[in-house]
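Data first, discussion second: the structure below is written as structure tokens.
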Amino acid sequence: MKTPALFNLTRIAVLAFCATFAVPTARAERTVVYVSNGGSKSISIFDINPASGDLTVRGTVALDDSPGPLAISPDRKFLYAALRQGKSVQTLRVNAADGSLTAAGTVVINVNPAYLIADRTGRNLLAADYGGDRVTVHRIQADGTVDATPVSDIATGRNPHSIRIDPANRFVFAPLCGADKVLQFRFDPATGKLDPNEPAEAGFQPVDGPRHMAFHPKKDFAYVVNEKSSSVTALKYDAGKGTLAPLQTLPTLPKDFTTKNSCADIHITPDGKYVYASNRGHDSLAGYAIDQSTGKLTPLGQTATEKTPRSFAIDPTGKFIFAAGQGSHRLASYRIDATTGALQALKTHDTGQGPAWVLVVRLPE
Numbered sequence: 001m002k003t004p005a006l007f008n009l010t011r012i013a014v015l016a017f018c019a020t021f022a023v024p025t026a027r028a029e030r031t032v033v034y035v036s037n038g039g040s041k042s043i044s045i046f047d048i049n050p051a052s053g054d055l056t057v058r059g060t061v062a063l064d065d066s067p068g069p070l071a072i073s074p075d076r077k078f079l080y081a082a083l084r085q086g087k088s089v090q091t092l093r094v095n096a097a098d099g100s101l102t103a104a105g106t107v108v109i110n111v112n113p114a115y116l117i118a119d120r121t122g123r124n125l126l127a128a129d130y131g132g133d134r135v136t137v138h139r140i141q142a143d144g145t146v147d148a149t150p151v152s153d154i155a156t157g158r159n160p161h162s163i164r165i166d167p168a169n170r171f172v173f174a175p176l177c178g179a180d181k182v183l184q185f186r187f188d189p190a191t192g193k194l195d196p197n198e199p200a201e202a203g204f205q206p207v208d209g210p211r212h213m214a215f216h217p218k219k220d221f222a223y224v225v226n227e228k229s230s231s232v233t234a235l236k237y238d239a240g241k242g243t244l245a246p247l248q249t250l251p252t253l254p255k256d257f258t259t260k261n262s263c264a265d266i267h268i269t270p271d272g273k274y275v276y277a278s279n280r281g282h283d284s285l286a287g288y289a290i291d292q293s294t295g296k297l298t299p300l301g302q303t304a305t306e307k308t309p310r311s312f313a314i315d316p317t318g319k320f321i322f323a324a325g326q327g328s329h330r331l332a333s334y335r336i337d338a339t340t341g342a343l344q345a346l347k348t349h350d351t352g353q354g355p356a357w358v359l360v361v362r363l364p365e
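Just so it is clear: in the sequence shown, position 272 is 272 by our numbering, and no numbers are missing.
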């Protein structure tokens with residue numbers, strides 16, 4: 001039988017042994033919202049409450065110039081901000097603990113980017129130059145900054161408003177808002193080179209003005225929002241060939257709305273059940289349910305937003321939408337009903353002046 005003293009010593013030894021090999025507690029996962037403020041030359045940062053969708057102001061970061069589109073590296077360690085007036089890109093390091101940003105360098109790329117996106121290798125930054133009628137690819141260096149000289153620089157025709165990469169990182173697409181088509185490219189991520197695909201484009205109706213697009217996360221479908229015709233086009237995607245074929249086009253507006261409107265942004269929930277597009281003029285988000293077998297859409301109606309919702313984003317859980325009112329300088333949050341796709345308005349928060357882009361990022365662990 002152990003004596004009390006010996007028992008206590010044994011207990012202490014066991015506890016010390018267990019403490020030595022204890023599994024460390026994982027850091028609570030955090031998601032933040034970044035909003036670029038063109039009029040304030042800044043980025044607003046908000047924390048997301050994962051249960052309620054409430055936002056808490058984390059802070060504001062001043063930039064070298066007026067930011068437009070934002071892009072995140074695939075490892076979520078670097079944020080890229082297009083500084084449109086200076087035709088440059090500013091790189092910012094992301095603090096994994098709280099989402100704060102630190103300037104890492106600005107480079108003139110002689111492109112006025114309406115859209116930026118990093119490829120899935122993290123080695124290439126693609127840009128759509130709306131006013132310059134071209135798309136470019138710039139290499140991302142080991143320190144996360146961008147090389148000034150493009151490895152691809154391709155004339156596109158009128159007004160490329162975005163550039164997107166397919167889920168396999170093999171093909172690239174550029175909607176031309178002024179030419180009513182989506183260009184199709186083959187993409188080599190090892191070199192950053194773009195080459196016209198065959199066929200080289202998917203045609204749209206005259207004056208559609210295809211602007212932004214989104215790929216279905218699980219099926220071979222894609223969706224394009226048309227700025228000028230206030231509509232959304234569903235497309236079949238041939239993942240082997242890298243080509244698009246239109247399936248259906250539906251309006252984003254109610255039938256009785258006759259005032260001027262233009263569409264801006266489009267996003268799909270992570271489960272692939274719903275797609276939303278923003279109306280500037282009607283000032284709303286139009287929602288659609290996606291048929292998972294055909295890719296076709298069923299309208300869900302419109303939900304009012306802040307004035308001029310140029311950009312919005314869906315959080316990684318698919319529970320919340322955050323839409324910025326470029327005309328009201330506020331960010332509105334909504335809860336997505338998982339069963340119906342309906343949006344429930346939550347709260348609004350002040351941003352800087354002229355919010356131009358909303359980016360939701362789950363911080364790396």
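A virtual CB, placed ideally from N, CA and C, is assigned to each residue, including glycine. Fair warning: this is a prediction, and the values are worked out from it, not measured in the lab.
Helix, strand or coil at residue i [DSSP, three-state]
| i | result |
| --- | --- |
| Ala-185 | Checking the displayed sequence, the identity of residue 185 turns out to be Phe instead of Ala. In the structure shown, Phe-185 sits in a strand (DSSP, three-state: E or B). |
| Gly-68 | strand |
| Tyr-276 | strand |
| Phe-204 | coil |
| Pro-24 | Caution applies to Pro-24, whose pLDDT of 43 falls short of 50 and renders its modelled position unreliable; the value that the coordinates give is listed next. Here Pro-24 sits in coil by DSSP. |
| Thr-96 | Note that residue 96 is Ala in the sequence shown here, rather than Thr. Coil. |
| Asn-49 | coil |
| Phe-257 | coil |
| Val-225 | strand |
| Asp-143 | coil |
| Lys-236 | strand |
| Leu-126 | strand |
| Leu-63 | coil |
| Ser-73 | coil |
| Arg-165 | Here residue 165 is Ile; the residue named in the question, Arg, does not match the sequence. Strand. |
| Leu-244 | strand |
| Lys-193 | strand |
Whole-Å CB distance - residue i paired with residue j, under 8 Å assumed
| i | j | result |
| --- | --- | --- |
| Ala-313 | Val-358 | 4 Å |
| Pro-355 | Asn-37 | 5 Å |
| Lys-289 | Asn-279 | The amino acid at residue 289 is misidentified as Lys; the sequence shows Ala. So it is not a contact: roughly 18 Å between Cβ atoms. |
| Gly-352 | Ser-66 | Wrong, their Cβ atoms sit about 10 Å apart, outside the cutoff. |
| Arg-93 | Gly-144 | 7 Å |
Unbroken beta strand (DSSP E) run spanning residue i, endpoints
| i | result |
| --- | --- |
| Asp-220 | Counting along the chain, Asp-220 falls outside any beta strand (DSSP E), and DSSP gives it neither H nor E. |
| Asn-37 | 31–37 |
| Ile-266 | 262–268 |
| Asn-366 | With the chain represented from 1 up to 365, any question about residue 366 goes unanswered, as that position is not in the structure. |
| Lys-347 | 343–350 |
Rounded straight-line distance, which links the Cα of residue j to that of residue i
| i | j | result |
| --- | --- | --- |
| Leu-116 | Pro-69 | 6 Å |
| His-216 | Ser-42 | 32 Å |
| Leu-244 | Leu-363 | 33 Å |
| Ala-184 | Ala-202 | Checking the displayed sequence, the identity of residue 184 turns out to be Gln instead of Ala. Distance between the alpha carbons of Gln-184 and Ala-202 is about 7 Å. |
| Ala-97 | Ile-140 | 24 Å |
| Gln-85 | Ala-62 | 15 Å |
| Asn-197 | Thr-56 | 45 Å |
| Val-361 | Pro-316 | 8 Å |
Contact between the segment 196–213 and the segment 230–237 (3+ Cβ pairs under 8 Å)
yes
When you compare the segment 145–155 with the segment 117–136, are there three or more beta-carbon pairs, one atom per stretch, that lie closer than 8 Å?
yes
State whether the segment 65–85 contacts the segment 45–56, with contact taken as three or more CB pairs (one from each stretch) at a distance under 8 Å.
no
Contact between the segment 104–123 and the segment 75–88 is defined here as three or more beta-carbon pairs at a separation below 8 Å; is this criterion met?
yes
Could you tell me whether the segment 301–315 touches the segment 261–269, where touching means 3 or more Cβ pairs closer than 8 Å?
yes
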